[in-house]
Each structure stands twice: as C-alpha cells, then as structure tokens.
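Under full-length UniProt numbering, read the sequence shown as residues 1 to 75, first letter to last.
Where is the CB? At the ideal position from N, CA and C, for every residue including glycine.
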Amino acid sequence: MRKVKASVPNGSKAVIESALHKVCNTMNFFVRGICRRVVSKYFMPLVDELMTRDGPRRACKKIHLCWWSPLQGRV
C-alpha cells in the first residue's frame, strides 16, 4: 500500500490499477500470486482507500485485510 500510495498520490482508477500490478510484479515468486489475487479480489476497496489520506495500516484495517491494531507497535 505504501509503495502504491507514494507512486500515485492523485491517480485515476487506471493509474492505481497499473501501480498495484507493478508492485505485485516486483515481489518474489511466492508472494506475487497472493498479491495478484488480493488485488483482483479487493480492487475497488483498494482504489477507494488509495484515494484517501489514510495511511497504509489504517487502509488495510478498513478493508479487513490486516489483523493488527493501527496503534500496535507505537507504544
């Protein structure tokens, strides 16, 4: 999320989709397939979250992909 958000601060849906696929393609073989499935399954929620000012952890939590609390690790 962080890499995509940094590369498309004000992108359209097509630009964000391209950026998401580019990020998946940079990952190692074992994670690449998982990344592509997540992008495919959660495409619209990912686009919506990437168009907000929320950070990557909050966005991940809002679309129910992350189990940790947004404040975890900050204590």
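Item, Value
"Can you give me the C-alpha to C-alpha distance between arginine 57 and cysteine 66, rounded to a whole angstrom?", "8 Å"
"Thinking just about the alpha-carbon of each residue, which of Lys3, Ile63 and Val4 is nearest to the one in lysine 41?", "Ile63"
"Excluding the 5 residues flanking isoleucine 16 on each side, which residues of the same chain have their C-beta closer than 6 Å to its C-beta?", "Val8, Val47 and Leu50"
"Within 10 angstroms of the Cβ of leucine 20, are there 16 or more other Cβ atoms? Answer buried if so, exposed if not.", "buried"
"So, under 8 Å CB-CB, valine 31 and valine 4 are touching, yes? Tell me the CB distance rounded to an integer number of Å.", "Actually they are not in contact, since the Cβ atoms of valine 31 and valine 4 sit about 15 Å apart, beyond 8 Å."
"Which class does isoleucine 63 belong to by DSSP, given the choice of helix, strand or coil?", "coil"
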